[in-house]
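To keep things clear, I will list the structure first and then write my remarks on it.
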Amino acid sequence: MEETVGPSEMIVHLGPQHPMLPGPFRVNAKLRGETIVDSEVEIGYIHKGIEKILENKTYLQGITIVDRICYLEALTNEEAYVGCVEKLAGIEVPERAQYIRVIMEELSRIQSHILGMGEYASFIGFVSMFMYTIRDREDLMSVIDSVTGARITHSFLRFGGVKDDLPDGFKDDVKYVFGNLKKAIDQYEVLFSSDSIYKARTVGIGTLTADVAKDLGVSGPPLRATGVAFDIRRDEPYLVYNDLDFKVCTQKDGDVYARIQVRLDEMRESMYIVEQCLDQIPSGPLFPEGTAYGKRSPVMRIPAGEVFHRVEAPRGEMGFYMISDGSDKPYRVKIRGPVYPTLQALPPLLKGVTVADIVAIAGSMDTCTSEVDR
Amino acid sequence: MQLDDIIYNPLLRGILGLCLMGAIFLGAMGAVWFERKLAGDIQQRLGPARAGPYGLLQLVADAIKLFTKEDIIPKNADRLLFISAPILMMGSVFLMLVAIPFGAIIIDGVTYPIAATDMDISILYIEAVSAISVIGIFMAAYSSNNKFSLLGAFRNFARMIGYEVPLGICIVSVAIMAGSLNIIEIAQAQSPLWFIIKQPLGFIVFFIAIMADMGRLPFDQNESEEELIAGWITEYTGMRFGLGFFAEYIHLILGSMLIVLLFLGGWNLPAALTANTILGIILPTAFYLGKVILVILTIIMIRWAVPRYRIDQVVDLSWKRLLPLALLNLGWVIALGLLGV
Chain A
1 MEETVGPSEM IVHLGPQHPM LPGPFRVNAK LRGETIVDSE VEIGYIHKGI EKILENKTYL
61 QGITIVDRIC YLEALTNEEA YVGCVEKLAG IEVPERAQYI RVIMEELSRI QSHILGMGEY
121 ASFIGFVSMF MYTIRDREDL MSVIDSVTGA RITHSFLRFG GVKDDLPDGF KDDVKYVFGN
181 LKKAIDQYEV LFSSDSIYKA RTVGIGTLTA DVAKDLGVSG PPLRATGVAF DIRRDEPYLV
241 YNDLDFKVCT QKDGDVYARI QVRLDEMRES MYIVEQCLDQ IPSGPLFPEG TAYGKRSPVM
301 RIPAGEVFHR VEAPRGEMGF YMISDGSDKP YRVKIRGPVY PTLQALPPLL KGVTVADIVA
361 IAGSMDTCTS EVDR
Chain C
1001 MQLDDIIYNP LLRGILGLCL MGAIFLGAMG AVWFERKLAG DIQQRLGPAR AGPYGLLQLV
1061 ADAIKLFTKE DIIPKNADRL LFISAPILMM GSVFLMLVAI PFGAIIIDGV TYPIAATDMD
1121 ISILYIEAVS AISVIGIFMA AYSSNNKFSL LGAFRNFARM IGYEVPLGIC IVSVAIMAGS
1181 LNIIEIAQAQ SPLWFIIKQP LGFIVFFIAI MADMGRLPFD QNESEEELIA GWITEYTGMR
1241 FGLGFFAEYI HLILGSMLIV LLFLGGWNLP AALTANTILG IILPTAFYLG KVILVILTII
1301 MIRWAVPRYR IDQVVDLSWK RLLPLALLNL GWVIALGLLG V
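Protein chains in written order, with the numbering used here: chain A, 1 to 374; chain C, 1001 to 1341.
Encoded structure:
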């Protein structure tokens, strides 16, 4: 963006401490009146150096670190990291542990989507909706908490398995929570599709085309809202997703309304997946037989090699590229997060819209700045 | 005649005006509490619950906080404008207050409205002075030397130009139907039939326009906190912020009173109910204020149930929807008048 300002133009800096941006990043917008002429996104305010930290931690210690990349998708981050190590070391995860992982990751996807949706509603001034989603999310958090022992940073996955088995009565808890959640989601859908102000603020706003999205590497709900049916759970299955029945939710329009709708549909699909898992889950060990992975601190030397493993995080494609030199620490870890490309899609989308739509469009992307600035 | 002398005594009127001023402050505090409690109910949480019974003392705590906060004036602000803007806004709502009746006392079939003044053009006067607050908002935004404030002020002007026109036309329709510009006579004119029944379209347009006038969501673009931090009031702290905040709530109450006076029949009751002296003193005012509270309740509930319009959509709504509807309503009222209904 050029810093020179023409007549009747001004540059407004939204962020990094703007009250309503989804996380500390900055949008520099050049305005003519209310219309945005040009804009750019600045990131890097909360860089944590996680890739470097991982090089200095043993493999097992790394699990707690990848949780902190983004607290809303902690479990899928762990899955990507643990999956890398399992590929390198050739560890076979027992089936029960795989099912537990799928259940927990889908639950985590639902809570992330529901929060993203509520946050978006509050960005266009619909604060009550935000409160409703917080209420519904709270039940989910309790269910997740009952298994992992933590609300956001779980450290639940282990190489070759999971930390704990599902507690007694877990199935009933999930059934109860899902019963409420399904009703709530139906209500949200009716509310969204019948509210004329909501539609005026979302339909046709921030339209991302499939070509631009693919060029920039956008993934997850923003990509699927443009009509591209790309979902790593189906296209490059990991865990037991092959045995499960689910559809990839897409919308055609690529606008804000479509992105929110995709999240709503995906929550339903995730609930369906969890229900299937709870019906199919076999009994068995949580760790491969005859190994020490389940012990508190296994001495782990991972064979040398390079590997890339990616999973479908709530916000899109989360991938870890890992090089091992045969020691107990990774030689190099590169993280490919879903939100960085999504943020790159913002400046072209913001051209020509009004100030009120900045937070609306940025919010509908469900960005997680913590993950961009890893 | 003895009673009339007492009622039209200028000194007593002045004292009454001061009492009404105090009452409206209490009312505004009540409205704040009411809004927070109701918002809590709508959002399935408690709202203020810790300070005092039902959180009633929360307002006192808030007032103490506002009074004791550091009063910051930005370095590059225009001091004179910055300081006088909230005063101007408060002045605007108090000028409105002068002409709006707070109820009425009916003694022996004669109605004595509780208002500081009884002027013949009061509805025009109310319209005129309520527009002053927009100048106050622009002064605040311009003087605080903040881009977000300035954007908020721009929006405020764009919105005001949009909604004042349909609002004015609706008031004209009401004045034509009542045959008077005096708000007390307009209220009296609805004795058998309220104007909401005679001109429902006018009521809808007026209701939307007055909500925009009060700056209530979905029309609070001038201080939409999501994109403009707090809009025109961003740089204000302490009691200066408090004045602007209170001015808005007083505006909410006065606007609701206008709705009741112009369309919902004011304090009119069947004569049989007010024949008794004691009932004549209590009932009309209670009936009137009860309706005002219902209107306030409706407006607050709307605020928490909808998202916010974008500013261009508000201007569209005012010029393309409300204005034609208001003109249609004006034609309807004139037609009714010609037919002698």
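For each residue, glycine too, the CB sits at the ideal point set by N, CA and C.
What would DSSP say about A/Thr-64, mapped onto helix, strand or coil?
On the first sequence, position 64 is the one that residue 64 of chain A refers to. Helix, per DSSP.
Given this structure, state the Cα-to-Cα distance separating C/Ser-1144 from C/Thr-1068, to the nearest angstrom.
Sequence index remark: in the second sequence, residue 1144 of chain C carries index 144 (1-based). Sequence index remark: in the second sequence, residue 1068 of chain C carries index 68 (1-based). Cα-Cα distance, rounded: 21 Å.
Answer with yes or no whether the minimum CB distance from A/Ala-29 to chain C is below 7 Å.
The count along the first sequence starts at 1 and reaches residue 29 of chain A at position 29. No, A/Ala-29 does not count as interfacial toward chain C.
Grab the span of the alpha helix (DSSP H) containing A/His-47 for me, first residue to last.
Stepping through the first sequence from its first residue, residue 47 of chain A is reached at position 47. Where A/His-47 is concerned, there is no enclosing alpha helix (DSSP H), given that its DSSP letter is neither H nor E.
Over what stretch of residues does the alpha helix (DSSP H) that includes C/Pro-1150 continue unbroken?
Translated into positions along the second sequence, residue 1150 of chain C becomes position 150. Checking the displayed sequence, the identity of residue 1150 of chain C turns out to be Leu instead of Pro. Unbroken alpha helix (DSSP H) run through C/Leu-1150: 1147 to 1178.
What is the DSSP secondary structure of A/Tyr-198, counted as helix, strand or coil?
Position 198 of the first sequence holds residue 198 of chain A. In the structure shown, the three-state DSSP call for A/Tyr-198 is helix.
Members of the stretch 190 to 215 of chain A that neighbour chain C once the beta carbon cut-off is set at 8 Å:
Within the stretch 190 to 215 of chain A, the residues whose Cβ lies closer than 8 Å to some Cβ of chain C are Asp-195, Ile-197, Tyr-198, Ala-200, Arg-201, listed in chain order.
Give me the Cβ distance between C/Val-1295 and C/Ile-1259, rounded to the nearest whole Å; I'm assuming they're in contact under 8 Å.
Residue numbering aside, residue 1295 of chain C sits at position 295 when the second sequence is read from its first letter. Residue numbering aside, residue 1259 of chain C sits at position 259 when the second sequence is read from its first letter. With a contact defined as Cβ atoms closer than 8 Å, C/Val-1295 and C/Ile-1259 qualify at about 5 Å.
Check whether the stretch 141 to 149 of chain A and the stretch 1232 to 1249 of chain C touch, using three or more Cβ-Cβ pairs below 8 Å as the test.
Because the criterion of three Cβ pairs below 8 Å is not met, the stretch 141 to 149 of chain A and the stretch 1232 to 1249 of chain C do not touch.
7 Å Cβ cut-off: residues of chain B touching C/Gln-1058:
Absent from the structure is chain B; the protein chains it does hold are A and C.
Report the option in A/Ile-185, A/Arg-310, A/Val-256 whose CA atom is closest to the CA atom of A/Leu-264.
In the first sequence, residue 264 of chain A corresponds to position 264, counting from 1. That would be A/Ile-185, whose Cα lies nearest to the Cα of A/Leu-264.
Kindly give me the distance between the Cβ atoms of A/Asp-284 and A/Glu-95, rounded to whole angstroms, as I take these residues to be in contact under 8 Å.
Along the first sequence, read from residue 1 onward, the residue named residue 284 of chain A stands at position 284. Along the first sequence, read from residue 1 onward, the residue named residue 95 of chain A stands at position 95. It is worth fixing the name first, because residue 284 of chain A is Gly in this sequence and not Asp. The pair is a contact, with the Cβ atoms about 6 Å apart (cut-off 8 Å).
Distance between A/Arg-315 and A/Tyr-393 (C-alpha atoms, nearest Å):
Residue 393 of chain A is absent from the model: chain A starts at 1 and stops at 374.
So, do the stretch 55 to 66 of chain A and the stretch 354 to 367 of chain A have three or more beta carbon pairs nearer to each other than 8 Å?
Too few Cβ pairs lie closer than 8 Å, so no.
Neighbourhood of A/Gly-227 by C-beta distance below 6 Å, restricted to the same chain and skipping five residues each side
If you number the first sequence from 1, residue 227 of chain A lands on position 227. These residues qualify, in order along the chain: Ala-210, Thr-250, Lys-252.
Closer than 8 Å is the cut-off here; do at least three beta carbon pairs connect the stretch 1234 to 1246 of chain C with the stretch 1178 to 1195 of chain C?
The stretch 1234 to 1246 of chain C makes no contact with the stretch 1178 to 1195 of chain C: fewer than 3 CB pairs, one atom from each, lie closer than 8 Å.
State the start and end residues of the unbroken beta strand (DSSP E) segment that holds A/His-13.
Here residue 13 of chain A refers to the residue found at position 13 of the first sequence. Counting along the chain, the beta strand (DSSP E) containing A/His-13 begins and ends at 9 to 14.
Quick one: give me the first and last residue of the alpha helix (DSSP H) that C/Asn-1329 is part of.
In the second sequence, the residue the question calls residue 1329 of chain C occupies position 329. 1323 to 1339 is the extent of the alpha helix (DSSP H) around C/Asn-1329.
Paired residues, beta bridge with A/His-309 - DSSP:
The residue you call residue 309 of chain A lines up with position 309 of the first sequence. Paired residue(s): A/Phe-320.
So does the stretch 1074 to 1094 of chain C actually touch the stretch 1130 to 1137 of chain C, counting three or more Cβ pairs closer than 8 Å?
Taking 8 Å as the limit for Cβ pairs, the verdict is that the stretch 1130 to 1137 of chain C does touch the stretch 1074 to 1094 of chain C.
Name, please, each residue of chain C whose Cβ falls closer than 8 Å to the Cβ of A/Thr-367.
The residue you call residue 367 of chain A lines up with position 367 of the first sequence. In chain order: nothing, as chain C lies at least about 15 Å away.
Hey, C/Tyr-1249 and C/Val-1098 are a contact pair by Cβ (cut 8 Å); roughly how many whole angstroms apart?
Numbered from 1 along the second sequence, position 249 holds the residue referred to as residue 1249 of chain C. Numbered from 1 along the second sequence, position 98 holds the residue referred to as residue 1098 of chain C. Between C/Val-1098 and C/Tyr-1249 the Cβ distance is about 18 Å, and since that is not below 8 Å, they are no contact.
Among all the DSSP beta bridges, which residues are the ones paired with A/Lys-295?
Taking the first sequence and counting its residues from 1, one reaches residue 295 of chain A at position 295. For A/Lys-295, no pairing in a beta bridge is given by DSSP.
Are three or more beta carbon pairs between the stretch 208 to 223 of chain A and the stretch 304 to 322 of chain A nearer than 8 Å?
Contact annotation: the stretch 208 to 223 of chain A touches the stretch 304 to 322 of chain A, with at least three C-beta pairs closer than 8 Å.
If you draw a straight line from the alpha carbon of C/Ala-1061 to that of A/Leu-54, how long is it in whole angstroms?
Mapped onto the second sequence, residue 1061 of chain C falls at position 61. Mapped onto the first sequence, residue 54 of chain A falls at position 54. Rounded to whole angstroms, C/Ala-1061 to A/Leu-54 spans 49 Å at the Cα level.
Determine the DSSP secondary structure at A/Gly-83, reduced to helix, strand or coil.
Translated into positions along the first sequence, residue 83 of chain A becomes position 83. Assigned with DSSP and collapsed to three states, A/Gly-83 falls in helix.
Sequence-distant residues of its chain with Cβ nearer than 8 Å to A/Glu-312 (five each side left out)
As a first step, residue 312 of chain A is located in the first sequence; it is residue number 312 there, counting from the start. Cβ within range, chain order: Thr-76, Gly-220, Asp-231, Ile-232, Arg-233, Met-318.
Cut-off 8 Å between Cβ atoms - residues of its own chain near A/Ile-180, not counting five sequence neighbours on either side:
Here the question's residue 180 of chain A lines up with position 180 in the first sequence. The question names Ile, but residue 180 of chain A in the sequence shown is Asn. Same-chain partners within the cutoff: Asp-136, Asp-139.
Determine the DSSP secondary structure at A/Gly-161, reduced to helix, strand or coil.
On the first sequence, position 161 is the one that residue 161 of chain A refers to. It is a strand residue.
Do we get a CB-CB distance below 7 Å when we pair A/Met-131 with the residues of chain C?
Within the first sequence, the letter at position 131 stands for residue 131 of chain A. It does: the Cβ of A/Met-131 has a partner Cβ on chain C nearer than 7 Å.
How is the alpha helix (DSSP H) around A/Ala-121 delimited, first residue to last?
Here residue 121 of chain A refers to the residue found at position 121 when the first sequence is read from its first residue. Unbroken alpha helix (DSSP H) run through A/Ala-121: 95 to 123.
Do the stretch 9 to 26 of chain A and the stretch 36 to 50 of chain A meet, that is, are 3 or more Cβ pairs less than 8 Å apart?
Under the 8 Å Cβ criterion, the stretch 9 to 26 of chain A counts as touching the stretch 36 to 50 of chain A, having at least three qualifying pairs.
Using a Cβ cut-off of 9 Å, pull out every chain C residue sitting near A/Val-311, in sequence order please.
Taking the first residue of the first sequence as 1, we reach residue 311 of chain A at position 311. Neighbours of A/Val-311 on chain C: none; closest Cβ ~32 Å, over 9 Å.
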